[in-house]
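These protein sequence lines map, in sequence, to chains G and Y. Numbers 1 to 116, taken from the working numbering, label the letters of the first sequence in order. Numbers 1001 to 1112, taken from the working numbering, label the letters of the second sequence in order. To start, the structure itself, in structure tokens.
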Amino acid sequence: AQSVTQLDSHVSVSEGTPVLLRCNYSSSYSPSLFWYVQHPNKGLQLLLKYTSAATLVKGINGFEAEFKKSETSFHLTKPSAHMSDAAEYFCVVSDPMNTGFQKLVFGTGTRLLVSP
Amino acid sequence: EAQVTQNPRYLITVTGKKLTVTCSQNMNHEYMSWYRQDPGLGLRQIYYSMNVEVTDKGDVPEGYKVSRKEKRNFPLILESPSPNQTSLYFCASSLELAGELFFGEGSRLTVL
């Protein structure tokens, strides 16, 4: 069975500095991996998705993530944080061999705090 | 505008009083699902549906029911709510398996 671990529950950065949100996964097969963002009092929105094409995936709002099979990681990065990036971020893994509908497994989330 | 609409957004109720949270999507998606979000636990799937009249249990289905009589609607029913169902609930839809999920804005439920 697949699982996903977000290594930090909270990450604090200053505006203009780089962002790194860490995610490790466990999957028996080649997974699909996602990052979603949740702004306060809002639903989740897809940031980016990896599906076995390019290992470096670019998403919206300047975010990108790199799939590293040898490290079973899918860390989310952004070169320069903006105040509007303050939100909760979820790493999600989908096991394509599972016969159930979208057997997605969500990480527990990382809250990104951005200070001026 | 493509969207998933949930109602109510906020609800306070009492133990045992049946309630329904509605969910509607206007994107003609086949796949719909319900999640609950609790602090420190991320999102956990309650029920999902692959098409009209096709539903199945997710990871935490106890105490919930769903129905899918029309493609656009996927209501979540709590027949006899209990305090441990106090949570933030999200409905989501997608066009394809393991595809992008489109989420509603959430329904915050408190059961006293």
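Quick reminder that beta carbons are idealized off the backbone N, C-alpha and C, glycines included.
Between residue 1045 of chain Y and residue 1033 of chain Y, the CB-CB gap stays under 9 Å. In the structure shown, residue 8 of chain G falls within a coil segment according to DSSP collapsed to helix, strand and coil.
Y/1053 is the residue among Y/1053, Y/1043, Y/1006 whose C-alpha sits nearest the C-alpha of residue 1071 of chain Y. A residue is called buried when at least 16 other Cβ atoms come within 10 angstroms of its Cβ; residue 114 of chain G meets this threshold and is buried. Cβ-Cβ separation between residue 29 of chain G and residue 95 of chain G: approximately 6 Å, consistent with a contact (criterion under 8 Å). The C-beta of residue 27 of chain G comes no closer than 9 Å to any C-beta of chain Y. Inclusion of residue 89 of chain G and residue 46 of chain G in the CB contact set at 9 Å is not warranted, their separation being larger than that value. If you draw a straight line from the Cα of residue 1067 of chain Y to the Cα of residue 1074 of chain Y, it is about 6 Å long. Excluding the 5 residues flanking it on each side, residue 85 of chain G has same chain C-beta neighbours closer than 8 Å at 19, 61, 78, 112, 114, in chain order.
DSSP, reduced to helix, strand and coil, places residue 1030 of chain Y outside both helices and strands of the structure shown, so it counts as coil.
Burial state of residue 1112 of chain Y is exposed, judged by a 10 Å Cβ sphere holding fewer than 16 other Cβ atoms. A straight line joining the alpha-carbon of residue 41 of chain G with that of residue 55 of chain G spans about 32 Å.
For residue 1041 of chain Y, the residues of chain G that pass the 7 Å Cβ criterion are 108, in the order they occur in the chain. Residue 49 of chain G has a beta carbon lying within less than 9 Å of a beta carbon in chain Y. The contact set of residue 1053 of chain Y on chain G, defined by CB atoms closer than 8 Å, is empty, because the minimum CB distance reaches about 14 Å. In summary, residue 1008 of chain Y is exposed, with fewer than 16 beta-carbon neighbours lying within 10 Å of its beta-carbon over all protein chains present.
Residue-level contact check: residue 84 of chain G does not touch chain Y, since none of the beta carbons of chain Y fall below 9 Å from its beta carbon. Residue 11 of chain G has its alpha-carbon roughly 15 Å from the corresponding atom of residue 116 of chain G. The three-state reading of DSSP puts residue 1016 of chain Y in coil, since its state is none of H, G, I, E or B. With a contact defined as Cβ atoms closer than 8 Å, residue 1083 of chain Y and residue 1015 of chain Y qualify at about 7 Å.
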